[in-house]
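J.: This structure is in structure tokens; I'll ask about it shortly.
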Amino acid sequence: MGIHLGSDKPSDLQTAVAMIPPGSMVALGGGLSARLPMALVREVIRAGIGDLHVVGSAHSIDVDMLAAAGLISVCEESYVGYEQDLGLAPAFRRAAQKGDLEARESCCDTILTQLRAAEMGLSFLPVHGVKGTDIESLHPEYGRITCPFTDHEYVVVPPLSPDVALIHAPIGDRQGNLHIEQPYVLDERFAVASAQVIATVDRIVSTREVVEAGIVIPFYRVSALVEVPFGAHPTSCYPGYAYDRNHLSAWVTAAGTPEGAGDYLRNYVTGVDEAGYRRRIGPERLEHLTGYQASEETWMEIFR
Amino acid sequence: MGIHLGSDKPSDLQTAVAMIPPGSMVALGGGLSARLPMALVREVIRAGIGDLHVVGSAHSIDVDMLAAAGLISVCEESYVGYEQDLGLAPAFRRAAQKGDLEARESCCDTILTQLRAAEMGLSFLPVHGVKGTDIESLHPEYGRITCPFTDHEYVVVPPLSPDVALIHAPIGDRQGNLHIEQPYVLDERFAVASAQVIATVDRIVSTREVVEAGIVIPFYRVSALVEVPFGAHPTSCYPGYAYDRNHLSAWVTAAGTPEGAGDYLRNYVTGVDEAGYRRRIGPERLEHLTGYQASEETWMEIFR
Amino acid sequence: MSYRFGLDEWFVVELARTVHDSEVVFHGFGSPCATVAMHLAKRTHAPSALLIEGAMYAVNPYPAFIPPTSNDHSLKQGAVYSMRFEEAFDMSVRGEVDHMFLSGIQIDSFGNTNVTAIGPMPTPKVKLGGGGGGCNMSATIRRLTLWTTNHRPGRCLVEKCDFVTDLGHSTREGTRLDLGYTGGGPQALITELGVFDFPEGRARLRALFPDVTRREVAEATGFDYQEAPDLGPLERPARSQIEHIRTIDPLSVRRSEFRPAELERTFPL
Amino acid sequence: MSYRFGLDEWFVVELARTVHDSEVVFHGFGSPCATVAMHLAKRTHAPSALLIEGAMYAVNPYPAFIPPTSNDHSLKQGAVYSMRFEEAFDMSVRGEVDHMFLSGIQIDSFGNTNVTAIGPMPTPKVKLGGGGGGCNMSATIRRLTLWTTNHRPGRCLVEKCDFVTDLGHSTREGTRLDLGYTGGGPQALITELGVFDFPEGRARLRALFPDVTRREVAEATGFDYQEAPDLGPLERPARSQIEHIRTIDPLSVRRSEFRPAELERTFPL
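Protein chains in written order, with the numbering used here: chain L, 1 to 304; chain S, 1 to 304; chain W, 1 to 269; chain V, 1 to 269.
In structure tokens, the structure reads:
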């Protein structure tokens, strides 16, 4: 819901996240262990921008870390956790159980429908399910409508227009044209439905290179663009690098207590900038994650 | 609305169009002077499949020729004609004015919305405009609804699920994976919303080649696939060939009278098969249309 | 011999003058003059406009020539991105498109347009081409520029359209406000005789081509209209604008919109 | 030494057996056993199934291994096409997906599942991960296969879910018919103890793993259930199925779903 034609788009993390007022509705791109906008999440934590209403589909360490930092007031995601492998999200869970944040749990398809309503400029859209589940009880903003043609009663949802979307892409050009690899998850929808789009890319490249890879989000949707190598770490950003299961696991262990989470944040977030973060992780480790292409065996071994 | 997993998809024009019962709702792919499914249209005329309800966005000779053959009962398109250059569609116009067909004129965005309703499995969707125009008076099937959140009254439209979509693509593989170049117009939407998809391609190629060009319509949406070189002629099918403005012009002149239209159809459609059609057009002429790539000057000269 | 230019060129300049810099501007199909005008604006006073190229939905292309059809790939040359169909339409109906060009075979004083039929449906005297995406987009796009090159014969600017395809400022169901529409409706109507604006939602004659009289306009116009207090001749184009037009449109497809007599009208710079 | 296989392998075989040939089958994320089962079915009895790979939305991939996350590109290797997010969800909610795997931290006798919270919202005792796309997809997908690997501790199969995230056959607002839902609901519930079906929309015990007694099931189950007249042991897997599982899942991510004691259960072929 924003057209950004300017040639003066912010290109450093601090200026970019300064575009996010406290209390904003923030859409998080990517999903689960892939292409989460972690450099932006870390910068938001450094800036201490709080009272956030985060929205997205199925997410993990991005939400968990913002929850650990106490910056989330409403979490409207369809899932927050580390799947079967590493289990529940410790900091998010703790905050939800204590009432420090409102877990306004939603459904991937409902979020999609609400973003589509925004995209299509409609003040409501029907969804297929929800009715009869307890998810509806978490959302007083939903309504019901009867189809004028069939008399079927649908749950209807209002449009969702985030104030800002945080998106990480492997490559982009200086104008803000972004290429991402599938699955795009909700990133295309967020880019259209949000008033501002703050993007990070692992590499700024020529327009020709983005065109050849395929522009997925065009420049006029992007309000700020920052180059941050390994900006999705510890999640993956293909074709660049696989996810860092060991580091995620270390975070999950640390976040098991408020103290552990605090130590982690000091070590890896508030005590360092992004260059410092990469040094903490170590160039060998980062290099290792890019090595997945060598062979299927190598790829598999990264996850062992 | 059809999943086609079989390995026995029809691969000749006659068998393919035999899948279209008289009275079908037929979606026409492409638009205006580009990528119209002309080989299929000609084969439908050869087979004399009538009482058709055609749907689409802005079209030209496909609808005009089917109207000339007397095969359309309802025309639900947003536009039928040859733009400023060659003007109104003579046969379509004549049929509409005599009441031989019902011109149930629609709007690109309304058709899109109705296809989306089918795609999203919804029994209705709101549109933004239409209300206050006379287009609404042509569509007793539309309704009105009041948004439960804003009290705004919308025109609502039912889903549109064509019985069959006719789509032409430059390349496809034997399974039915299709690549088309942008603009896709409504072809992606038709492929999902229609019960059957009959596709022609200029060339059947390897799966690898389609993947490299980009699969736009996946194999499981396609129920029949036929290789027909120059299957979109006299409209364009890039990157293969430009449109044949001279031939379109000759058709428009011929179609100015019922007799002229009849002569054309005998010469170019019912009296020949597709190989015969290409011979009638002449290999030099077809070759000429593929020559657009030589230079901007050459491209421009094709249209002079 | 002095430098002269044609009515077709001045007409395109008038269309181009309605384009603002840094706006999102769109035309549909079958609109050679609007196509040329958009590219003219982009190459002169509106370099930061986001131009969506007609039926190609290509963003900011730089075509080498304008083909006689709106759906030719030559029109997307130089564009790094092309929208999907639904992307362009969603953008229009949710109000992000600032400006659209729209023509009409009939146009009334409210700016309602008819491109559907002359005479009553379902079996009209003349079945016209149809409205494309207009009947939704005209409700939501912020600003519409109407044009016709058929004012003079007297059958285009009518008291009442036989059929309303696209929305002007007010229809039988009431005003845009009554209908709850977000778009601002027609702001200008450009004809081969002159230019109207819509200060109170009704067409008002604002300026004339220098070879046209107020009386000629009155005789050709089927509805009553006010005249602007400062009604006078249109501002002449700059030579660079004319040169740009000739570069943009070497095939002169813009001329296909005009009757032969109008094309004989030329002007010195 | 005789050829033996583990409970994890047999469990995957039971999930795979619910996949029909030529159907469209989908699982969500965080479902290693369902992932492996889908690929097992595709490589054995259901070669023409259209397999949509979890969070990748890749169609018919042939991965070299199953990674510990559902959102890794290794899972789309060999697929020539990947759906967009909305393509996969639209397909599900309009009823074109025949079959989905769905798990639950709590599951009741109607097949309602809870993956949202233990204890009352908004400040539950345990905030679980959440339901992904389940609360819409469970309403519309033709057939659901439920599974849990946590039956034995007695807290999963419950009289009443603390929170209904995904729809079974009947909820507080009535049956699927009352709600106007098109999907057929759960057809099977597979646990580490045995297999239930839902002949009248209520869970019925149909078969047991051979090392499990009816009494063990009764003790672990929090709701009343009927037993099938022909209740007996599950049919043993074929050696080829076990071999396929080991090839598909060399990292043994399937084993992450089971408590250590269950992984000690092995069977001779």
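The beta carbon of each residue, even a glycine, is placed where N, CA and C say it ideally should be.
Ordered along the chain, which non-local residues of its own chain (more than five positions away) have a Cβ less than 6 angstroms from that of Ala242(S)?
T.: Ser236, Leu289, Tyr292 and Ile302
J.: Taking 8 angstroms as the limit between beta carbons, can you name the residues of its chain near Tyr181(W), skipping five residues before and five after?
T.: Ala139, Thr140 and Leu167
J.: Using a threshold of 7 angstroms, is the CB atom of Trp299(L) nearer than that to any non-hydrogen atom of the ligand FMN?
T.: The ligand content of the structure shown is nil, which means the ligand FMN is not present either.
J.: Check distances from the C-beta atoms of the segment 150-174 of chain L to those of chain S and list, in chain order, the residues that come in under 7 angstroms.
T.: Thr150, His152, Val156 and Pro158
J.: Report all residues from its chain with a CB closer than 8 angstroms to the CB of Leu234(V); omit the five preceding and five following residues, and keep chain order.
T.: Excluding the 5 residues flanking it on each side, Leu234(V) has same chain C-beta neighbours closer than 8 angstroms at Trp10, Glu14, Gly194, Val195, Ala207, Leu208, Phe209 and Pro210, in chain order.
J.: Helix or strand or just coil, what does DSSP make of Asp72(W)?
T.: When secondary structure is reduced to three states using DSSP, Asp72(W) falls in the coil class, being assigned neither helix nor strand.
J.: Whole-angstrom Cβ separation of Val115(V) and Gly131(V), contact assumed at under 8 angstroms?
T.: The beta-carbon separation of Val115(V) and Gly131(V), rounded to 5 angstroms, stays under the 8 angstroms limit for a contact.
J.: Look at the alpha carbon of Met300(L) and the alpha carbon of Glu188(L), and state the distance between them as a whole number of angstroms.
T.: 30 angstroms
J.: Can you have a look at Ala117(L) and say buried or exposed, based on whether 16 or more other CB atoms are within 10 angstroms of its CB?
T.: buried
J.: So what does DSSP say about Ser249(S), is it helix, strand or coil?
T.: helix
J.: At what residue ranges does the segment 160-242 of chain L contain a whole run of the alpha helix (DSSP H), taking only runs of 4 or more?
T.: Taking 4 residues as the minimum length, the alpha helix (DSSP H) runs contained wholly in the segment 160-242 of chain L are 187-193 and 207-213, in order along the chain.
J.: Would a C-beta distance cut-off of 8 angstroms place His59(L) and Leu36(L) closer than the cut-off?
T.: Yes, the pair counts as a contact, with Cβ atoms nearer than the cut-off.
J.: Am I right that Glu274(L) and Ala39(L) are in contact with their C-beta atoms under 8 angstroms? What's the rounded C-beta distance?
T.: 5 angstroms
J.: Taking just the CA atoms, how far does Val205(L) sit from Val124(L)?
T.: Checking the displayed sequence, the identity of residue 124(L) turns out to be Phe instead of Val. Each residue's alpha carbon lies about 39 angstroms from the other.
J.: Please return the same chain residues whose Cβ sits closer than 6 angstroms to the Cβ of Thr207(S), not counting the five positions on each side in sequence.
T.: Closer than 6 angstroms at the Cβ level, and outside the excluded window around Thr207(S), lie Asp173.
J.: What span of residues does the beta strand (DSSP E) with His244(V) cover, start to end?
T.: Segment Arg239 to Ile248 is the alpha helix (DSSP H) holding His244(V); no beta strand (DSSP E) there.
J.: With 8 angstroms set as the bound, which would you pick, yes or no: does the beta-carbon of His233(L) sit closer than that to a beta-carbon of chain S?
T.: no
J.: Would you say Tyr62(V) lies against chain S (beta-carbon separation less than 8 angstroms)?
T.: No - not a single Cβ of chain S is within 8 angstroms of the one on Tyr62(V).
J.: Which residues does DSSP pair with Arg143(V) in a beta bridge?
T.: His99(V)
J.: I'd like the list of long-range same chain contacts for Val24(W), defined as Cβ closer than 8 angstroms, with 5 residues on each side in sequence excluded.
T.: Ala49, Leu50, Ile52, Met91, Glu96, Val97, Asp98 and His99
J.: Return no unless some Cβ of chain W is closer than 8 angstroms to the Cβ of Met19(S).
T.: no
J.: For the segment 66-100 of chain V, which residues have a beta carbon sitting closer than 7 angstroms to at least one beta carbon of chain L?
T.: Against chain L - using a Cβ distance shorter than 7 angstroms - the residues of the segment 66-100 of chain V are Pro67, Pro68, Thr69, Ser70, Asn71, Asp72, His73, Ser74, Ser82, Arg84, Phe85, Glu86, Phe89 and Val93.
J.: For a test of the three-state rule: what should DSSP assign to Asp224(W), helix, strand or coil?
T.: coil
J.: Quick one: is Gln114(S) buried, meaning 16 or more other Cβ sit within 10 Å of its Cβ, or exposed?
T.: buried
J.: Identify whether Phe26(V) lies in helix, strand or coil by the three-state DSSP scheme.
T.: The answer is strand: DSSP assigns Phe26(V) an E or B state.
J.: What three-state label does DSSP hand Glu297(L) in the structure shown?
T.: Judged by DSSP in its simplified three-state form, Glu297(L) adopts helix.
J.: Of all Cβ atoms in chain W, is any one closer than 8 angstroms to the Cβ of Glu102(S)?
T.: yes
J.: Mind checking if Thr44(V) is an interface residue toward chain S, Cβ cutoff 8 angstroms exclusive?
T.: no
J.: Compare the Cα-Cα distances from Arg94(W) to each of Thr146(L), Ala16(L), Gly121(L) and Ala27(L) and report the closest residue.
T.: Gly121(L)
J.: Take every Cβ of the segment 102-111 of chain W, pair it with every Cβ of the segment 157-165 of chain W, and state whether three or more of those distances are shorter than 8 angstroms.
T.: yes
J.: Just to confirm before moving on: does the CB-CB distance between Val41(S) and Met65(S) stay below 8 angstroms?
T.: yes
J.: Nearest to Glu83(S) by alpha carbon, out of Pro47(W), Asp72(W) and Ala238(W)?
T.: The option with the nearest alpha carbon to Glu83(S) is Asp72(W).
J.: With H, G and I counted as helix, E and B as strand and the rest as coil, what does DSSP make of Glu173(W)?
T.: coil
J.: State yes or no: is the beta carbon of Leu112(L) nearer than 8 angstroms to at least one beta carbon in chain W?
T.: no
J.: Return the chain-ordered list of same chain residues with a C-beta closer than 7 angstroms to the C-beta of Gly256(L), the five sequence neighbours on each side being excluded.
T.: Pro90
J.: Can you confirm whether Val59(W), when its beta carbon is compared against all beta carbons of chain L, has any partner nearer than 8 angstroms?
T.: yes
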